[in-house]
Amino acid sequence: MEIPKYNGTCHPNEYVKQMRAYCKINRITSEPDILELCILMINSSIYIPEGIDNLDKLVRALSSHPTFSIFKDSCKRKLQVMKYIPEEEGNYTATFLADFRSLCNDAEIYDHKEIKNLLFSTYSSNEFSRNEFLKSVDGVNSTDKIFKAFSDVVFDELKVIKYGSLITLKHVLTGKYLSSCKMKYQTGSKQQLVFAGERSNEKSNFSWLLNSCNSYQTDKIFYGDDVYLTHKATGHELYIERCYKSPTTGFAEVHCRSDYYYSTLRCNTTKHNNTPYVKTGDIITLRSSDFSSDYSDEAENFDNPDNYILSSHNYRFGIGNRTFQEVVGHRGRFNGSDEWQIELIDHNYNI
């Protein structure tokens, strides 16, 4: 360890702390000797008055020098222009918060309201998350809790399902994944089949692109939003076909098609979720949505012929020497076989 030097570019307390560490390593234990070293290693342009006989007085003398005011102002300006970048990987959040906190200490910013406002200003990529942070620190008067709240909000942002995300949908009751492949039904529409399958190494069979039904929507998905699904491997859209029956149970057939027809699906929350937006790991339900009728979760329009719930069960059908677990659309109320767990594979994926 090199001997520390002071030239007005660090906090006086930090300088003395580093000098103490240096002295401990070199077995210098006398306070007068440590003080003498501290004074000797101060830049000659910084005036130190006579009568400094202990380290506390030295810190006060350095803190009253104009160079320290310049240093604090510089740290505050750095805080004002700092930006948090959510796309960064690794330990970026921990490093960012450690740097931010260090600058607050150097600038001697201890006011909780000011720390909240400065942190709020660093996160400019998402207005919703910024507001979530403000709500989470409302009334909080602990610096540790403020930083923890920021960490929680930005981590939560990584779990949010956004439009354009590549996802999987796991059927909660059977543990199988919403899947498709190039095979076609032998009955009904004879379109590309949809089934619930195992999670295999062939990820593309059970991977889906989540699309917005509104051209202006580009951010996170809220419960109650209307979406549609595109199969990754084939680029075909999922469709609940009320005119054809499923092969085994006779419910509405679910298939994929390439002629720009798709089912508009309303993403509904379940009792398992605690946020207004969809996150990876959430358990959701999907009901086909008719734009001509405005209905809510509390008052569904069950008689509308276009409103079918995406579901699965243990019934199977066969094509050649292969069997598949049925995925169907059914009318009526939600039940346990209608729940799907959504998992994020990738944000902003393009087929």
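Numbering (the numbering used here), first residue to last: 61 to 411. Note that the Cβ used here is the ideal one computed from N, Cα and C, for glycine as well. Predicted model only: the values in this text are computed from it and were never measured.
- The Cβ-Cβ distance between isoleucine 405 and serine 318 does not fall below 9 angstroms.
- Comparing C-alpha distances from valine 254 to each of Phe377, Tyr320, Ser202, Asn186 shows the shortest one belongs to Phe377.
- Asparagine 265 sits close to alanine 293, with the two beta carbons spaced by under 9 angstroms.
- Scanning its chain for C-beta atoms nearer than 7 angstroms, with the 5 sequence neighbours on each side dropped, one finds no residue around leucine 100.
- In this chain, the alpha helix (DSSP H) harbouring glutamine 140 covers 126-141.
- Residue environment for tyrosine 107: exposed (fewer than 16 other C-beta atoms within 10 angstroms of its C-beta).
- Between the alpha carbons of phenylalanine 160 and leucine 122 lies a gap of roughly 23 angstroms.
- Taking the Cα of serine 306 as reference, the smallest distance to any Cα among Glu110, Thr290, Gly248, Met142 is reached at Gly248.
- Considered as a whole, the stretch 155-199 harbours no complete run of any beta strand (DSSP E) with no fewer than 3 residues.
- Assignment of valine 119 by DSSP, reduced to helix, strand and coil, places it in the helix class.
- Its chain contains Ile300, Ser323, Thr324, Leu325, Asp366, Asn367, Tyr368, Gly389 as the residues whose beta carbon lies nearer than 7 angstroms to that of serine 348, once the 5 sequence neighbours on both sides are disregarded; these appear in chain order.
- The C-alpha of lysine 280 lies about 54 angstroms from the C-alpha of isoleucine 102.
- Distance from the CA of aspartate 342 to the CA of phenylalanine 215, rounded to the nearest whole angstrom, comes to 15 angstroms.
- If you draw a straight line from the Cα of isoleucine 85 to the Cα of glutamate 62, it is about 11 angstroms long.
- Cβ neighbours of serine 211 within its own chain (closer than 7 angstroms, five residues either side excluded): Thr153, Leu157.
- Beta-bridge partners assigned by DSSP to aspartate 406: Leu226.
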